[in-house]
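Shown next, in structure tokens, is the structure this report addresses.
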Amino acid sequence: MQRLVNKLWIIHTLILVLLGAAGWIVLKYLFPQIEVKGYLIIPLFFYIMGVALFLRFGRIKIDKPSKTTNMYMQMRVIKVFISLIIIVLYWIFNKPGIRPFSIVFLVFYLIYLIWETFIFVRIEKHIRASKNQNKPLD
19 MQRLVNKLWI
29 IHTLILVLLG
39 AAGWIVLKYL
49 FPQIEVKGYL
59 IIPLFFYIMG
69 VALFLRFGRI
79 KIDKPSKTTN
89 MYMQMRVIKV
99 FISLIIIVLY
109 WIFNKPGIRP
119 FSIVFLVFYL
129 IYLIWETFIF
139 VRIEKHIRAS
149 KNQNKPLD
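Quick note: to get the numbering used here, add 18 to the position in the sequence shown (first position is 1).
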């Protein structure tokens, strides 16, 4: 399990570095009129949330699949609340720039949601395969 988590963690890092750089390039060259102050906060937030997810998955025991699902749902709820807090704080400190920041944040959120779901499916498949491997032959 730890090997899979480490592999996904490396892929996660690469995806967010590339996504962050691509987003910055798109904003800078395709939409130069849109200024998103604090852009670095967005990919950094999703990277940290992914690291937290991997640390939690690394501690999950394979013999309790319901705990995996519960933990995954807890992480999603926590991510939603922290996302709202970040957007509200940005709104408090930079009211004129909230619209572009929120749109970029939402795009990252949706892309990250797809990636996070892929991670969960891969880990669930790994857990099922491990369980089937450990079953005695009848």
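Every residue, glycine too, gets a C-beta built ideally from N, C-alpha and C.
- A direct Cα-to-Cα measurement between Leu58 and Ile141 gives close to 29 Å.
- Your pair Phe126 and Pro61 checks out as a contact, with CB atoms roughly 7 Å apart and the cut at 8 Å.
- Boundaries of the alpha helix (DSSP H) harbouring Ile28: Gln20 to Ile43, taken from the DSSP string.
- Tyr130 and Phe64 have their C-alpha atoms some 7 Å from each other.
- Buried is the label assigned to Val23, since at least 16 other Cβ atoms lie within 10 Å of its Cβ.
- Residue range Ile59 to Arg77 is occupied by the alpha helix (DSSP H) that includes Leu71.
- Here Gly76 is actually not in contact with Gln151; their C-beta atoms are around 20 Å apart, not less than 8 Å.
- Tyr47 sits exposed, since fewer than 16 C-beta atoms from the chains shown fall within 10 Å of its C-beta.
- With a threshold of 16 other beta carbon atoms within 10 Å, Ser148 falls short and is exposed.
- Shown here for Ile116: same chain residues with a beta carbon closer than 8 Å to its own, the five before and five after excluded, namely Ile105, Tyr108 and Trp109 in chain order.
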